[in-house]
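*Asks:* Pasting in a structure now, in structure tokens, and then I'll have a few things to ask.
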Amino acid sequence: MPESASPSKREFNIREANPKDIEAIASLGSRVFTASFGYSLSTRDLEAYLQSAYSIAAIISDLSNTNIDTIVATDSQDHVVGFSQLTRGTTEPCLEDMEKTVELQRLYVTEDCHGAGIGRKLANRVEELAREQGFATMWLGVWEDNLKAQKVYEKLGYVKIGHHDFVMGDCVQTDWIMSKKL
């Protein structure tokens, strides 16, 4: 397929991540996080967070964690262009009255594939997994200043139900907690 093909005309596959995806997930996570949030953090805090969340060791840990299902989107050449996670065992105070909750984490897509429906496909697959596993409500945290992501989640049916502090070194940001009935 020519490089100039628009993202919406390209074909993508959604599948479970495997060990050969580790480097691609780490790289994609670091790039997307830095592009989305890097300006709001000190260099020290950003580097520390990237090391804790998107180093090779961190991704190996995620893939071996039995409470996390990592899903990737790949292009026709099996290059990772997006990923997301279904994370069991996490909660927030605003979820206390809800039963069977599970977290949607890290819905990340490469910038050149924005608008191709990959985020929706990843979210749909994670929600499908959650339903298969018996969960009734999906929740997520999204930075209060990330208006673009908030709009995406609202289009996917999520509503704001609370907030929490998200700490990265000396930086404390407020994340909205959003949820959706499955």
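With UniProt numbering, the residue at position 79 of the sequence shown is 79, and numbering never jumps.
Note that beta-carbon positions come from the ideal geometry of N, C-alpha and C, so glycine has one too.
Bear in mind that the values here come from a model prediction, so they are computed numbers and not experimental data.
1) Considering just the uninterrupted stretch of the beta strand (DSSP E) at Ser76, what are its terminal residues?
2) Could you tell me the alpha carbon to alpha carbon distance between Ser179 and Thr137, rounded to whole angstroms?
3) Taking only the alpha-carbon atoms, compute the straight-line gap between Ala57 and Tyr49 and give it to the nearest angstrom.
4) What residues in its chain sit with their C-beta under 8 Å from that of Ala35, if we drop five residues either side in the sequence?
5) Just mark Leu28 as buried or exposed, buried being the case when its beta carbon has 16 or more other beta carbons within 10 Å.
6) Kindly indicate which residue of Glu103, Ile71, Gly82, Val81 has the alpha-carbon position closest to the one of Thr91.
7) Quick one: what's got a C-beta closer than 6 Å to Gln85's C-beta in the same chain, skipping five residues either side?
8) Smallest Cα separation from Thr101: which of Pro19, Asn13, Leu182?
9) Grouping DSSP H, G and I as helix and E and B as strand, with all else coil, what is Pro2?
10) Does Asp62 pass the burial test, meaning 16 or more other C-beta atoms within 10 Å, or should it be called exposed?
11) On the DSSP bridge assignment, give the partners of Cys171 in chain order.
12) Is the beta carbon of Val72 less than 9 Å from the beta carbon of Glu16?
13) Tell me which same chain residues have a C-beta within less than 7 Å of the C-beta of Asn146, skipping the five on either side of it?
14) Exposed or buried, which one is Gly115 when buried takes at least 16 other CB atoms within 10 Å?
15) Considering only the alpha carbon of each residue, which of Ile177, Leu41, Asp78 lies closest to Ala149?
16) Are the beta-carbon atoms belonging to Val152 and Gly119 less than 9 Å from one another?
17) Less than 9 Å separating the beta-carbons of Leu95 and Gly162?
*Replies:* The relevant details are as follows:
1) Looking at the DSSP string, Ser76 is not in any beta strand (DSSP E), and its letter there is neither H nor E.
2) 7 Å
3) 13 Å
4) Taking Ala35 as the centre and dropping the five residues before and after it, the same chain places the C-beta of Glu111 closer than 8 Å to its C-beta, in chain order.
5) buried
6) Glu103
7) Ile68, Thr70, Gln105, Arg106
8) Leu182
9) At Pro2 the pLDDT is 37, less than 50, meaning the model places this residue with poor confidence; the figure from the coordinates comes in the next sentence. Pro2 falls in the coil class under three-state DSSP.
10) buried
11) Checking the DSSP bridge columns, you'll see Cys171 partnered with Met168.
12) yes
13) Ser36
14) By the neighbour-count rule (16 or more Cβ atoms within 10 Å), Gly115 is not buried but exposed.
15) Comparing Cα-Cα distances from Ala149 to each of Ile177, Leu41, Asp78, the minimum goes to Ile177.
16) yes
17) Taking 9 Å as the Cβ cut-off, Leu95 and Gly162 qualify as a contacting pair.
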